[in-house]
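Last residue of the sequence shown: number 85 in the numbering used here, and the count goes up by one each step with no gaps.
Backbone N, C-alpha and C fix where the C-beta goes; we use that ideal spot for every residue, glycine too.
Every value quoted in this text rests on a predicted model; they were computed, and no experiment measured them.
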Amino acid sequence: MPAGSKTDPPLAKAEPINNGSGIECTLSKFADNIKLCGVVNTLEGRDAIQRDLERWACENLMKFKKAKYKILHMGQYNPTPTPPG
């Protein structure tokens, strides 16, 4: 099949994630870049989003490249998160 045909998977996609923790998240995929976005107000919520991302990667047989790993941390009184591993 030629590239760009109707049977090709979409290059970019965003979908809501039901993570079981009650946190509303969106998983965005563009080529080989994955983003999991959600809004939380507690450390437990932040940890839940991280667990969801790690579980999603494991279920899809993917690994994170530390060179491409970024955390966007917003908030005045929140501690700076440390990437896992």
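- Taking the CA atoms as reference points, ILE49 sits about 7 Å from GLY38.
- Counting C-beta atoms within 10 angstroms of its own C-beta, ASP52 has 16 or more neighbours from the protein chains shown and is therefore classed as buried.
- When the Cα atoms are used, MET62 and ASP47 turn out to be separated by approximately 19 Å.
- When rounded, the separation of the alpha-carbon atoms in ASN33 and PHE64 is 10 Å.
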